[in-house]
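Residue numbers (the working numbering): 2 to 280.
Heads up, the beta-carbon is just placed ideally off N, CA and C, and yes, glycines get one too.
Since we're looking at a predicted model, the values are computed, not measured.
Please read the structure below before turning to the comments.
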């Protein structure tokens, strides 16, 4: 019995080493290469440092993962070696501050992700670093002000959203000098209440009200000096007086009220299709 006990004391550490080695081998199922880079554990989760390259050898992305979630910096490059995305995740891999870049290295956009959804304020820039779009989200749902800007940085349009619907102020501006062109109010996607359009000199051009997204009641048209030029009477969007004239300004405003311009398309903004870059 004493001999057996001594024998077991010698062999037990070896058994522990063998078992630990087997466990480590099992945990490395599916990993690429023979190092801990690009490591996938037995549950199929990415762990530790990951780096992938394009076929030409240039880096594609690199990140550090904990239980399949990126933590800290995640970087993505295009096939030419240009950095086009930097995402900085919190310790839980749930929230990220993001920066996207044009091919010339200038900022293309910045904002936040909550999971894979846009959150809070997003800003978009041209290749010359000019702000041209602002968006606002709450967990992927439009909420807050959306604003478009001209190439000179003047405010062009402003629409307020709430819980995924246009709700609140809608304003449009003249592109040349930024003067107010139009103001109205949305109520759950429909125009409601007082509305005014303006000449570029700031004088009122037309004013009246909307009911359930349609022009209703008395509308007034003025000349550039402020004098009354014409009176219209609307019933559910129809006016006998308005049918006899072509008001190009009002027609363009109402025809385009649901066409707020989003981010510009192009190769530099392909990140919009797969923003978090986790695969």
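Buried or exposed (CB count within 10 angstroms, at least 16 for buried), residue i
{"i": "residue 256", "result": "exposed"}
{"i": "residue 170", "result": "exposed"}
{"i": "residue 260", "result": "exposed"}
{"i": "residue 186", "result": "buried"}
{"i": "residue 222", "result": "buried"}
{"i": "residue 37", "result": "exposed"}
{"i": "residue 11", "result": "Below a pLDDT of 50, predicted positions are generally treated as unreliable, and residue 11, at 46, falls in that range; no measurement from the model is reported."}
{"i": "residue 88", "result": "buried"}
{"i": "residue 204", "result": "exposed"}
First and last residue of the uninterrupted alpha helix (DSSP H) at residue i
{"i": "residue 249", "result": "249-256"}
Beta-carbon proximity check, residue i vs residue j, cutoff 8 angstroms
{"i": "residue 239", "j": "residue 219", "result": "no"}
{"i": "residue 145", "j": "residue 118", "result": "no"}
{"i": "residue 135", "j": "residue 152", "result": "no"}
{"i": "residue 211", "j": "residue 181", "result": "no"}
{"i": "residue 207", "j": "residue 251", "result": "yes"}
Span of the beta strand (DSSP E) around residue i
{"i": "residue 246", "result": "Counting along the chain, residue 246 falls outside any beta strand (DSSP E), and DSSP gives it neither H nor E."}
{"i": "residue 102", "result": "96-102"}
{"i": "residue 209", "result": "205-212"}
{"i": "residue 150", "result": "145-150"}
{"i": "residue 219", "result": "215-223"}
{"i": "residue 174", "result": "166-174"}
{"i": "residue 197", "result": "194-199"}
{"i": "residue 229", "result": "229-235"}
{"i": "residue 53", "result": "47-54"}
Chain B contact for residue i (CB, 8 angstroms cutoff)
{"i": "residue 184", "result": "You won't find chain B in this structure, because it holds only one protein chain."}
Stretch pair the stretch 170-178 + the stretch 150-161: three plus CB contacts closer than 8 angstroms: yes
Uninterrupted beta strand (DSSP E) stretches inside the stretch 106-162 (no shorter than 3 residues): 108-115, 118-126, 132-139 and 145-150
Continuous beta strand (DSSP E) assignments of at least 3 residues falling wholly in the stretch 62-95: 70-78 and 84-90
Inter-stretch contact (C-beta, 8 angstroms, three-pair minimum) for the stretch 94-114 and the stretch 125-134: yes
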